[in-house]
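The sequence shown stops at residue 180 when you use this note's numbering, and every number in between is there.
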Amino acid sequence: MDKGVIQNIINGDKEAFKQLYDEHFDRALRSAAAITRNKETAKDAVQEAFIRVYLNLSSYDINKPFEPWFYRILINECNRILKKGSALLLVDPPLLEDVMIDPVAKETFSDLHEMILSLEDLYRIPVVLKYLQGFAEKEIAHILDLNLNTVKSRLYKGREKLKAALETIENGREKYE
């Protein structure tokens, strides 16, 4: 679907850009919020990323998947904003849809979300791309411009850190039950 839409954008169709924006905005915002740890900063990063996409669409290879290219721009924009120091490192409530009714599951999900946000960028960004956005390790390597083994290593270490943090929380809960 993106190929036709992108070709229409290159040909000057502003409605096609709105379609692309609408299709990718929510997911991009969740990713940016997980990276920047701040909803307002995430919104700024997503807006800037879409501006960069629009301005640089002529350099995009239409024969390659759009999402890895877009997420590379988005992550670079998040990092640029964070380096600029304009971001407050406050943790917002999860931007993910609130579909869980079970209070224990909700609490566990909230704890996990907080733990993901607390990971160092080195581990958080690959974890977000893999487990929240569903990218394959090879795509993550391309997006982050890293060696595939580096991505695998960071995902492993990120999972280990999350596992240790979850075990600490679970052990704490057992003491009070």
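Beta carbons: idealized from backbone N, C-alpha and C, even for Gly.
Buried/exposed call for residue i, threshold 16 Cβ in 10 Å
| i | result |
| --- | --- |
| GLY161 | buried |
| THR151 | With the sequence shown as reference, residue 151 is identified as Leu, and Thr is not the correct amino acid for it. Exposed, by the Cβ-count rule. |
| ASP101 | Interpretation of ASP101 is limited by its pLDDT of 44, a score under 50 that renders its predicted location unreliable; the figure taken from the coordinates is listed afterwards. Per the 10 Å Cβ criterion, exposed. |
| LEU147 | buried |
| ALA90 | Caution applies to ALA90, whose pLDDT of 37 falls short of 50 and renders its modelled position unreliable; the value that the coordinates give is listed next. So ALA90 ends up on the buried side. |
| GLU18 | exposed |
| TYR74 | buried |
| ILE104 | With a pLDDT of only 47 at ILE104, under the threshold of 50, the placement of this residue in the model should not be trusted, and no figure is reported. |
| VAL83 | Here residue 83 turns out to be Arg, not Val, going by the sequence shown. Exposed is the call here. |
| ASN66 | exposed |
| ASN41 | buried |
| PRO71 | buried |
| ALA48 | buried |
| GLU80 | buried |
| THR44 | buried |
| LYS87 | exposed |
| ILE54 | exposed |
| LEU92 | For LEU92, the pLDDT reaches just 40, beneath the cut-off of 50, and the residue's location in the model is therefore unreliable, leaving the point undetermined. |
| LYS133 | buried |
| LEU23 | buried |
Range covered by the alpha helix (DSSP H) that runs through residue i
| i | result |
| --- | --- |
| ILE13 | 5-13 |
| LYS124 | A small fix is needed here, since residue 124 is Asp in this sequence, not Lys. Looking at the DSSP string, the run of the alpha helix (DSSP H) that includes ASP124 is 124-130. |
| PHE28 | 17-39 |
| ASN59 | 42-59 |
| LEU85 | 69-87 |
| LYS141 | 140-147 |
Supposed close pair residue i, residue j - CB separation, criterion 8 Å
| i | j | result |
| --- | --- | --- |
| LEU122 | LYS166 | Not a contact, Cβ separation roughly 12 Å. |
| MET118 | LEU169 | 7 Å |
| ALA31 | LEU77 | 6 Å |
| ARG33 | LEU135 | 7 Å |
| ILE12 | PHE69 | Contact flag wrong, Cβ pair sits at about 11 Å. |
Check your understanding: Are the region 126-133 and the region 21-41 touching, with three or more C-beta to C-beta distances below 8 Å?
Key -> Yes, the region 126-133 is in contact with the region 21-41.
Point to revise | Meets three-Cβ-pair contact criterion under 8 Å: the region 50-65 and the region 129-142 | key: The way I'd put it, the region 50-65 doesn't touch the region 129-142; fewer than three beta-carbon pairs between them come closer than 8 Å.
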